[in-house]
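Just so we're aligned, residue 15 is where the sequence shown starts under the working numbering, counting upward by one. Glycine included, each C-beta is placed from N, C-alpha and C at the ideal position. None of the values given here were measured: they were computed from a predicted structure.
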Amino acid sequence: MMPEFHIHRNHDKFSIDLLAALHKIGKPRHVQRLESVMTPDTTNDFFFYITKGIFKTVRPIDQREFILGFTFPGDVDGDPASLLGTSRTDFSIVAVADADITVCRWQDLEQEMKKEKYLATVNFFLARYVTVLQNRLIDSLAITAEDRYKQLVNTHAKHLNEIPVSDMAGYLGITKQSLSRIRNGRF
15 MMPEFHIHRN HDKFSIDLLA ALHKIGKPRH VQRLESVMTP DTTNDFFFYI TKGIFKTVRP
75 IDQREFILGF TFPGDVDGDP ASLLGTSRTD FSIVAVADAD ITVCRWQDLE QEMKKEKYLA
135 TVNFFLARYV TVLQNRLIDS LAITAEDRYK QLVNTHAKHL NEIPVSDMAG YLGITKQSLS
195 RIRNGRF
């Protein structure tokens, strides 16, 4: 869940310019359910804008997969570390359902924008990524699974039914039965 990366509903000049650049140089792509857009141990030189669908970010650790969050229509997703060099991704970004995205290579964006605007965009992505990481850490330490679920309901209610119960429970760190109790208000 990266509401900080949601640029579609922002009407500031920066977001409008970024969306215009994405639509001009980005390549539309359809992604099948359970298809990975990024996989661990790969180098990625792109980010993508979600037009339709939901994605989950999954990190494999010791033969287990941990769901770090979800991204929704209007969000931008990718590996911000790719901006810092040729580091390899340590997570997967997987479509929860069939999705449509616009893929944009960083190099193409750099060529499209003036240097100052490109650097501002890179700064935007890196700053938002740090904010997302901070928020996720604070949320995981300070609030209950029920409150985290309520946050998702408040920000993405119309999309929650598209997320499989097992994925939602995994993200919240609870069992499917506990998630059912939360959804039914019996927790």
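Closest option to R73, judged by alpha-carbon separation, among V45, S106, G92 and L98: S106.
By the C-beta density criterion, R102 is exposed, having fewer than 16 other C-beta atoms within 10 angstroms. For D112, the number of other beta carbons within 10 angstroms of its own is below 16, and it is reported as exposed. In the three-state reduction of the DSSP assignment, P178 falls in the coil class, being assigned neither a helical nor a strand state. Here DSSP, grouped into helix, strand and coil, assigns S29 to helix. DSSP places G83 within a strand segment (E or B) once states are collapsed to three.
Under the DSSP assignment, D114 falls in the beta strand (DSSP E) whose first and last residues are A113 to R119. Restricting attention to I64, I81 and Q77, the CA atom closest to the CA of P87 is found in I64.
Between F84 and Y185 the beta-carbon gap is near 7 Å, inside 8 Å, which marks them as a contact.
Taking C-alpha positions only, K66 is separated from D114 by approximately 5 Å.
Within the same chain, Cβ atoms closer than 6 Å to the Cβ of H170 are found at F86, the five residues on either side in sequence being excluded. T116 places its beta carbon 8 Å or farther from that of L166. Counting along the chain, no beta strand (DSSP E) covers I157, and no H or E run does either. By the criterion of a C-beta distance shorter than 6 Å, D104 is surrounded in its chain by P54, once the five residues flanking it on both sides are discounted.
The continuous stretches of beta strand (DSSP E) do not include R195, which lies in the alpha helix (DSSP H) extending over residues K190 to R197. Take the alpha-carbon of T57 and the one of K131: they are about 24 Å apart. As computed with DSSP, V90 is found in a beta bridge with Y63.
Between D161 and V110, the CB-CB gap reaches or exceeds 8 Å.
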